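2 protein chains.
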Amino acid sequence: MSGDGLRPDLPGSVCPAPIHDRKRIVLGHGSGGKLTSELVQNIFLSVFHNDVLDRLDDQAVFEIGSVRLAFTTDSFVVTPLFFPGGDIGKLAIHGTVNDLAMSGARPLYISAAFILEEGLELEELQRVVSSMRAASDGAGVQLVTGDTKVVERGKGDKLFITTTGIGVIERPLQISADQARPGDKIILSGTIGDHGMAIMSTREGLEFEGEIRSDTAPLNGLVNAMLKASSEVHVMRDPTRGGLATTLNEIASRSKIGITVEQQRIPVHEAVQGACEILGIDPLYVANEGKLVAFVASADAERVLDSMRNQIVGVEARIIGQAVAEHPGKVLMKTDIGGTRILDTMFGEQLPRIC
Amino acid sequence: MSGDGLRPDLPGSVCPAPIHDRKRIVLGHGSGGKLTSELVQNIFLSVFHNDVLDRLDDQAVFEIGSVRLAFTTDSFVVTPLFFPGGDIGKLAIHGTVNDLAMSGARPLYISAAFILEEGLELEELQRVVSSMRAASDGAGVQLVTGDTKVVERGKGDKLFITTTGIGVIERPLQISADQARPGDKIILSGTIGDHGMAIMSTREGLEFEGEIRSDTAPLNGLVNAMLKASSEVHVMRDPTRGGLATTLNEIASRSKIGITVEQQRIPVHEAVQGACEILGIDPLYVANEGKLVAFVASADAERVLDSMRNQIVGVEARIIGQAVAEHPGKVLMKTDIGGTRILDTMFGEQLPRIC
Numbered sequence: 001m002s003g004d005g006l007r008p009d010l011p012g013s014v015c016p017a018p019i020h021d022r023k024r025i026v027l028g029h030g031s032g033g034k035l036t037s038e039l040v041q042n043i044f045l046s047v048f049h050n051d052v053l054d055r056l057d058d059q060a061v062f063e064i065g066s067v068r069l070a071f072t073t074d075s076f077v078v079t080p081l082f083f084p085g086g087d088i089g090k091l092a093i094h095g096t097v098n099d100l101a102m103s104g105a106r107p108l109y110i111s112a113a114f115i116l117e118e119g120l121e122l123e124e125l126q127r128v129v130s131s132m133r134a135a136s137d138g139a140g141v142q143l144v145t146g147d148t149k150v151v152e153r154g155k156g157d158k159l160f161i162t163t164t165g166i167g168v169i170e171r172p173l174q175i176s177a178d179q180a181r182p183g184d185k186i187i188l189s190g191t192i193g194d195h196g197m198a199i200m201s202t203r204e205g206l207e208f209e210g211e212i213r214s215d216t217a218p219l220n221g222l223v224n225a226m227l228k229a230s231s232e233v234h235v236m237r238d239p240t241r242g243g244l245a246t247t248l249n250e251i252a253s254r255s256k257i258g259i260t261v262e263q264q265r266i267p268v269h270e271a272v273q274g275a276c277e278i279l280g281i282d283p284l285y286v287a288n289e290g291k292l293v294a295f296v297a298s299a300d301a302e303r304v305l306d307s308m309r310n311q312i313v314g315v316e317a318r319i320i321g322q323a324v325a326e327h328p329g330k331v332l333m334k335t336d337i338g339g340t341r342i343l344d345t346m347f348g349e350q351l352p353r354i355c
Numbered sequence: 001m002s003g004d005g006l007r008p009d010l011p012g013s014v015c016p017a018p019i020h021d022r023k024r025i026v027l028g029h030g031s032g033g034k035l036t037s038e039l040v041q042n043i044f045l046s047v048f049h050n051d052v053l054d055r056l057d058d059q060a061v062f063e064i065g066s067v068r069l070a071f072t073t074d075s076f077v078v079t080p081l082f083f084p085g086g087d088i089g090k091l092a093i094h095g096t097v098n099d100l101a102m103s104g105a106r107p108l109y110i111s112a113a114f115i116l117e118e119g120l121e122l123e124e125l126q127r128v129v130s131s132m133r134a135a136s137d138g139a140g141v142q143l144v145t146g147d148t149k150v151v152e153r154g155k156g157d158k159l160f161i162t163t164t165g166i167g168v169i170e171r172p173l174q175i176s177a178d179q180a181r182p183g184d185k186i187i188l189s190g191t192i193g194d195h196g197m198a199i200m201s202t203r204e205g206l207e208f209e210g211e212i213r214s215d216t217a218p219l220n221g222l223v224n225a226m227l228k229a230s231s232e233v234h235v236m237r238d239p240t241r242g243g244l245a246t247t248l249n250e251i252a253s254r255s256k257i258g259i260t261v262e263q264q265r266i267p268v269h270e271a272v273q274g275a276c277e278i279l280g281i282d283p284l285y286v287a288n289e290g291k292l293v294a295f296v297a298s299a300d301a302e303r304v305l306d307s308m309r310n311q312i313v314g315v316e317a318r319i320i321g322q323a324v325a326e327h328p329g330k331v332l333m334k335t336d337i338g339g340t341r342i343l344d345t346m347f348g349e350q351l352p353r354i355c
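Chains F and A are the protein sequences, given in the same order.
Numbered as in this note's numbering, the first sequence ends at 355 without a single skipped number.
Numbered as in this note's numbering, the second sequence ends at 355 without a single skipped number.
Laid out in structure tokens, this is it:
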């Protein structure tokens with residue numbers, strides 16, 4: 001993998017962070033990196049804070065009566081609507097299914113709210129809707145309620161979709177970004193960077209030798225296999241916006257542990273690698289839509305790994321590093337050339353509207 | 001009330017429906033009227049159909065384990081963001097709370113997904129978020145999870161919010177638009193047209209003698225009082241987009257009953273009435289955001305009415321008509337001048353981006 005297209009002090013961006021007056025929204029606020037985190041903390045959490053929200057996981061977990069539920073929402077604003085390996089509809093279903101699965105929940109029901117721009121071709125909408133149906137069937141969830149709004153031409157961008165999901169947590173688990181412990185092995189389910197680079201190469205009209213396809217996929221089957229294999233899965237996250245590096249930083253910070261990973265163990269498709277090098281982008285900061293990273297008790301790691309490799313979306317799963325007691329909150333990577341690099345959270349916007 | 005600004009064959013619009021090639025989205029697809037219904041039927045239901053979705057209520061109802069839940073989603077694209085009586089944030093919380101309450105559910109948890117346009121002032125966002133917190137507290141719900149996306153300048157319109165809610169149905173009720181029965185009394189909780197005309201007068205910079213304020217309000221307390229008073233509440237709906245006339249048509253059609261209402265029993269604030277007359281709009285087709293219409297067994301109607309009048313949002317509640325066995329699917333209104341008029345569903349767009 002590359003990893004050297006970026007200065008270590010400025011991850012996710014090859015030029016200085018955009019200067020803004022901090023009084024207005026900039027694209028970087030949607031990156032999933034530091035600016036997003038600032039926005040969430042200063043504007044949303046400071047006002048809304050409560051026990052459930054403050055956990056800062058990608059899903060809320062609560063009990064109603066005797067039932068333990070997970071609940072998650074995401075807006076999708078990806079452009080273009082269709083790209084190699086998927087489309088906005090498939091992404092919306094998989095994204096919500098995966099956020100539920102990352103808590104150990106079995107995803108059950110989905111809602112979808114559509115914001116349509118005047119002038120959108122009905123045929124395009126039909127293709128997206130059919131794709132959502134297929135993705136729902138594939139993931140074993142039902143779309144049970146929805147909404148449609150229309151905005152004037154120039155006040156939207158063809159189609160935005162917000163999906164929200166409910167799942168049930170049937171095992172007595174406490175999987176959360178703050179549950180990693182020193183000694184945990186870090187498992188990555190497959191290659192990184194595929195989704196983001198599929199969008200980028202479509203958007204820029206770039207041609208690469210091997211076609212780059214989004215990895216969008218439902219991960220609930222994979223998670224189910226992992227949880228059958230071990231009750232010592234402490235953290236699961238799908239590294240979407242901000243990529244693997246940002247996700248690892250969140251976990252290090254929330255669990256107050258250090259993380260060490262080995263660059264050579266992190267798989268990147270050759271075409272993705274090539275595209276990243278040309279564009280000066282580090283795949284560690286590129287969004288994935290069908291991958292997960294898990295922190296598992298060392299004794300169970302091989303068993304979990306075996307269970308993953310029996311699943312189509314987990315055949316390339318591998319251990320990429322571990323949680324350590326040293327350097328809490330920091331992620332260190334042993335590079336291919338033998339050095340050690342600090343992996344920081346992405347600052348601003350690398351790839352706008354990637355999901 | 002006016003009611004004569006419109007030709008009866010073309011409700012909700014004073015000029016012919018816009019000619020479109022039926023291959024593209026037009027503003028009317030977001031009206032809540034016939035075009036919305038066509039879109040939902042042809043594009044969404046034909047693909048997604050399943051037992052829960054096909055009920056076509058404003059919320060899905062299902063069981064998980066021993067718990068019966070309601071689940072609903074809505075995108076809010078109202079412009080302007082702030083208007084007399086409310087703002088997009090308040091509207092988003094109340095809208096979702098009310099859709100849950102209309103099934104007899106006790107609203108519990110809300111998610112919020114924000115699509116921000118580059119350039120939005122953080123101060124505006126802060127005001128909206130604070131308003132959402134106050135509205136959540138007022139309605140007794142918790143905002144527990146969320147998402148933020150940013151789109152480039154000119155690809156959105158400041159701020160869109162999608163709220164999704166979960167509520168629990170604790171009483172053995174089956175409240176749905178298909179449950180009205182001949183003989184049921186129709187109760188309306190208060191004046192109509194306030195929300196839509198508050199938006200319109202702000203947007204157009206119109207000045208009316210009495211200030212027109214949105215009626216946005218949470219209705220879960222009102223519903224709770226009604227359901228304590230009677231187990232024979234058959235249908236509840238909040239007449240939002242498309243107004244009271246469209247809501248009554250949906251119920252007539254779904255329950256296969258006829259409806260008769262009396263114009264003189266339907267209250268309209270004087271300033272709203274005046275604004276409607278100037279703009280050639282019929283308040284029967286104007287959106288409300290803090291009103292409900294209920295179909296209640298005749299024997300229980302007065303008891304339900306009494307329970308409503310003890311609530312701030314129900315002091316003006318009254319019986320406006322009844323369900324009949326004749327003319328199934330049709331809504332007839334006795335007009336102030338003694339005639340009878342068919343109230344049809346709104347066809348296209350009367351007031352775009354009203355919620």
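Backbone N, C-alpha and C fix where the C-beta goes; we use that ideal spot for every residue, glycine too.
From a predicted model like this one, the values you see are computed outputs, not experimental measurements.
Extent of the continuous beta strand (DSSP E) run through residue i
i	result
residue 159/F	159-168
residue 189/A	Counting along the chain, residue 189/A falls outside any beta strand (DSSP E), and DSSP gives it neither H nor E.
residue 264/A	Segment: none, residue 264/A is in no beta strand (DSSP E) and carries neither H nor E.
residue 60/F	60-64
Contacts of residue i in chain F (Cβ-Cβ under 7 angstroms)
i	result
residue 118/A	25, 26 and 27
residue 214/A	By Cβ distance, chain F contributes nothing, its closest Cβ being about 18 angstroms from residue 214/A, past 7 angstroms.
Residue interval of the alpha helix (DSSP H) (run including residue i)
i	result
residue 202/F	194-203
residue 97/F	88-101
residue 346/A	Note, residue 346/A: premise wrong, no alpha helix (DSSP H); not H, not E.
residue 231/F	From DSSP, residue 231/F is part of no alpha helix (DSSP H); its letter is neither H nor E.
residue 243/A	243-255
residue 312/A	Element bounds for residue 312/A: n/a, residue is neither H nor E.
Within chain F, the residues that residue i reaches when beta carbons sit closer than 9 angstroms
i	result
residue 133/A	47 and 48
residue 71/A	109, 111, 144, 145, 164 and 166
residue 246/A	Within chain F, no residue comes near residue 246/A; the closest Cβ sits about 15 angstroms away, beyond 9 angstroms.
residue 96/A	None at all; the shortest Cβ gap to chain F is about 10 angstroms.
Separation of residue j from residue i, as counted between CA atoms
i	j	result
residue 135/F	residue 312/F	16 angstroms
residue 355/F	residue 79/F	8 angstroms
residue 283/A	residue 195/A	10 angstroms
residue 56/A	residue 264/F	53 angstroms
residue 334/A	residue 340/A	4 angstroms
residue 77/F	residue 149/F	15 angstroms
residue 306/A	residue 352/A	36 angstroms
residue 266/F	residue 243/F	12 angstroms
residue 25/A	residue 128/F	14 angstroms
residue 74/A	residue 112/A	10 angstroms
residue 324/F	residue 236/F	17 angstroms
residue 92/A	residue 251/F	32 angstroms
residue 44/F	residue 133/A	10 angstroms
Contacts around residue i, its chain only, beta-carbon distance under 7 angstroms, and the 5 residues preceding and following it disregarded
i	result
residue 206/A	275
residue 119/A	153
Where residue i falls: helix, strand or coil (DSSP)
i	result
residue 216/F	coil
residue 77/F	coil
residue 332/A	strand
residue 286/A	coil
residue 354/F	coil
residue 115/A	strand
residue 124/F	helix
residue 34/A	helix
residue 135/A	helix
residue 6/F	Interpretation of residue 6/F is limited by its pLDDT of 33, a score under 50 that renders its predicted location unreliable; no figure is taken from the coordinates.
residue 278/A	helix
residue 301/F	helix
Chain-order list of residues whose beta-carbon lies under 6 angstroms from that of residue i (same chain, five-residue window excluded)
i	result
residue 99/A	58, 59 and 72
residue 52/F	60 and 62
residue 199/A	83 and 354
Contacts of residue i in chain A (Cβ-Cβ under 8 angstroms)
i	result
residue 60/F	109, 111, 144 and 145
Close-in-space but distant-in-sequence residues of the same chain around residue i (CB under 8 angstroms, 5 per side omitted)
i	result
residue 8/F	Residue placement at residue 8/F is poorly supported in this model, since its pLDDT is 34, which falls under 50; the coordinates still yield a value, given next. Taken in chain order, the residues that qualify are 341, 342 and 344.
residue 191/A	215, 267, 268, 269, 272, 291 and 316
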